[in-house]
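Have a look at the structure below before the remarks.
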Amino acid sequence: MMIVSSHAGAQILAQFLDGQVKHLIENVSAINHSNKPRVARLYAIYSAIIEDAISIRLLCENARTNQAYIVSRALLERLTNFCFLQLCTDAEFSDYVDYSLNKAGRSLDRSIEAGGQVKARIALNGGEFELPPEISAAIAKFTSERGREKTRWTNVSLPDRAAVIEAKLGNTGLFMSLLTIYADASEALHGTLYGAVFHLGAYETSPPHDQASLDQHRYRTLSALYLMAGGSIDTLFSLLASLGESPFDAVAQASKRAFREAAIASGLAVAKEK
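Quick note on the UniProt record's numbering: the sequence shown kicks off at 1 and runs consecutively.
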């Protein structure tokens, strides 16, 4: 049996993620007070990444694996966006910021229709209000020629955003995380039968058939979630270090060392001979 299919193996990778969260928290102030405008502007996203990582640990520790996948998807998308937005054009960064102003404005008067009829509506002052100019401009930016809302802040796909990051840093592991987590988490969010039970191995070629094999599958799944979350955070640290953001050069080195040690201890990698 592979060590990652055991409680001991999962705990090794859980401790790796714990260390990554500790690094994130210790450097909150460096992000909030960064002299790089884009880094400081995205402080809220950095904080949300911390919350996601902690939530993954709590959910996994309490056997809420399906929900852990959903939160892992949020972490991956937030982290990918944070990194991409440090490298994108000024226009793309502006679109990202304006998209939230657009959503804030639209939230003041929203409704849902079915069969051509409004079934529910929430509107400030019955829809009679005036928006600040910057919010009106943001709404106009994200309105199509046909008058419909544009529901994405960018036309650059998530894999293509990850590719921009990889072009800057080299191999990051983001693509493997997106491949193994994003689609399954989406199924869970969409309420499909697959999304309700995939984390139990029900649709695998050799599904668990007794308690022992189910336990092995569970620990293997937990190991993967811890590894993907911790590894993605390693990418974030590397990106911040590449920008010359103090003190992330030392943080990135410590992260990579911990990543390597956890991989060796859990049997996912072999130590190099000296």
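Every residue, glycine too, gets a C-beta built ideally from N, C-alpha and C.
Below 8 Å between beta carbons: does that hold for L24 and I233?
-> Taking 8 Å as the Cβ cut-off, L24 and I233 qualify as a contacting pair.
Hey, would you say I165 sits closer than 8 Å to T172, going by beta carbons?
-> Yes. Within cutoff.
Spatial distance of G231 from F259 (CA atoms) | Approximately 7 Å between the Cα atoms of the pair.
Which same chain residues, not among the five before or five after A229, have their C-beta less than 7 Å away from its C-beta?
-> Around A229: L17, A53, I56, S72, L75.
When the distance is taken between beta carbons, is Y226 closer than 8 Å to A14?
-> Result yes, Cβ atoms of A14 and Y226 sit closer than 8 Å.
To the nearest angstrom, how far is it from the Cα of I45 to the Cα of L169?
-> I45 and L169: Cα-Cα distance of roughly 21 Å.
Distance between N62 and S223 (C-alpha atoms, nearest Å) | Per the coordinates, the alpha-carbon of S223 lies some 14 Å from the alpha-carbon of N62.
Give the DSSP-derived three-state secondary structure of S5 in the structure shown.
-> Under the three-state reduction of DSSP output, S5 falls in the helix class.
Contact check, C88 vs L239, beta carbons under 8 Å = No, Cβ-Cβ distance for C88 and L239 is not below 8 Å.
Determine the extent of the alpha helix (DSSP H) in which R257 is found, giving its start and end residues.
-> Counting along the chain, the unbroken alpha helix (DSSP H) around R257 starts and ends at 248-265.
Is K141 helix, strand or coil by DSSP?
-> K141: helix per DSSP, three-state reduction.
Proximity to S100 [Cα-Cα], best of E130, N66, A140, T80 = The residue from E130, N66, A140, T80 with its alpha-carbon nearest to that of S100 is A140.
For D109, name the three-state secondary structure that DSSP assigns.
-> In this structure, D109 counts as strand in the three-state DSSP scheme.
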